[in-house]
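Numbering (UniProt numbering), first residue to last: 1 to 351.
We treat Cβ as the ideally placed atom computed from N, Cα and C, and that holds for glycine.
Here's the structure, in structure tokens; my notes come after.
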Amino acid sequence: MELTKVHTRGKRKTPATNRPRALQGQPPAKALRTRKSLSSVMAARATRPRSTLDSLPGEILEKILLYSANLSLPQVSNFIGMKLSGRATLVRLFIWAFHETWDQWFGIPTNPVIVHGPWLEDAQHVPCCGDPIFQSQVLNQPWITIDLILQAQQTWFENHGRGRYYQHGAFWIDKADQVGHDYAGGFCHFNARECFEADYQQAVKWPAFAARGVHWFSQDIHPLTRIPDRLIVGPWDDEMQRQLFWLCRGGYMTCGKLFTQPPWEIKIELIRNSMLNAEVPNLLAINCLYRTWVFDGLPSDVVRKEIVNLERRIQWGGDPHQTRDLLRRVRSAFFLSVHMPENLLVRRSDI
């Protein structure tokens with residue numbers, strides 16, 4: 001006897017249109033991984049973007065900057081420049097540039113008779129460590145301030161100069177008890193800000209040409225280091241005056257066979273801004289910079305024009321007596337620079 005088929009709900013053999021709830025949360029089965037050829041792998045690697053300097057941590061970028069001594073690195077991109085513009089990084093960069101010079105000369109008097117001995121003809125035999133080119137590049141950076149310089153010098157002293165003797169080299173107008181600072185110095189005496197401020201406040205009291213013929217500086221920079229033109233040209237605000245004084249107090253070479261003279265355009269702007277066109281002569285700039293090189297190699301037509309302007313100002317008579325004396329002294333130096341033979345200009349000692 002044949003059984004009768006009974007259709008029961010849900011028992012049909014057709015595939016279900018919806019997955020069961022228990023299986024809805026499970027991921028689909030992974031497809032089998034196919035093997036790739038070597039050429040396709042290499043092609044994919046070639047098109048993959050490489051990691052850039054921007055992705056490096058700031059600590060790594062700082063080490064690259066220091067060891068390469070490449071000051072163009074912060075200019076690669078704004079992002080890298082931001083990473084390398086921190087105060088601590090700039091202080092370490094300044095210390096890196098001047099460490100060898102400071103380590104050799106800190107606390108040692110730089111009297112040429114005692115230390116240097118006879119003048120050396122070869123520039124590579126100057127008895128001073130450090131890289132003058134790198135130091136010049138660092139000093140020419142726009143972020144340089146006297147506050148950063150003194151912080152770097154104090155940081156270096158605390159790490160490398162503890163227990164070393166320090167004595168002031170700049171001559172003082174006032175006595176030590178009037179200044180409230182010990183001129184003789186001593187072991188662990190050095191404080192970058194206090195020592196600099198004591199010397200600077202005395203320097204602004206110097207009369208014109210008071211530093212001529214006086215060995216009043218130490219050796220905080222390499223003798224062949226060049227200071228920025230903006231500090232030579234002027235005009236000088238308080239910040240620029242302090243930077244100029246720190247560099248000249250630190251041994252900036254303004255004479256000698258190894259001294260590289262600036263162009264005559266820089267020299268004439270120095271003379272104009274410090275004296276000729278200044279209502280009050282800048283005595284600090286005069287004492288720091290004025291040597292025979294200032295008047296060497298000036299074009300005769302430019303000198304004659306400045307002499308005419310000087311004569312008018314002297315005849316005007318509105319300046320104080322000391323200022324008129326300075327103007328006459330500059331006029332005499334102008335006359336000598338025009339009429340004296342070129343091979344004798346470096347022997348002049350009137351300025």
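- One alpha carbon belongs to residue 150, the other to residue 304, and they sit about 42 Å apart.
- Spanning the alpha carbons of residue 261 and residue 227 requires a straight line of approximately 11 Å.
- When the beta-carbon positions are compared, residue 233 and residue 273 come within less than 8 Å of each other.
- Three or more beta-carbon pairs separated by less than 8 Å are not found between the segment 196-206 and the segment 98-106, which leaves the two stretches without contact.
- Inter-residue distance for residue 63 and residue 246 is about 28 Å (C-alpha atoms, whole angstroms).
- Nearest neighbour of residue 133 by Cα position, chosen from 330, 325 and 69, turns out to be 69.
- Of the other Cβ atoms in all chains shown, fewer than 16 fall within 10 Å of the Cβ of residue 339; this residue is therefore exposed.
- Boundaries of the alpha helix (DSSP H) harbouring residue 132: 132-139, taken from the DSSP string.
- CA-CA distance, residue 336 to residue 75, rounds to 46 Å.
- The shortest CA-to-CA distance from residue 144 to any of 95, 185 and 156 is the one to 95.
- Of the residues assessed, residue 249 falls on the buried side of the cut-off, its CB having 16 or more other CB atoms within 10 angstroms.
- The residue among 183, 221, 61 and 311 with its C-alpha nearest the C-alpha of residue 138 is 221.
- For residue 249, the uninterrupted alpha helix (DSSP H) run begins and ends at 238-249, by DSSP.
- Sorting 281, 309, 178 and 34 by C-alpha distance to the C-alpha of residue 235 places 281 at the top.
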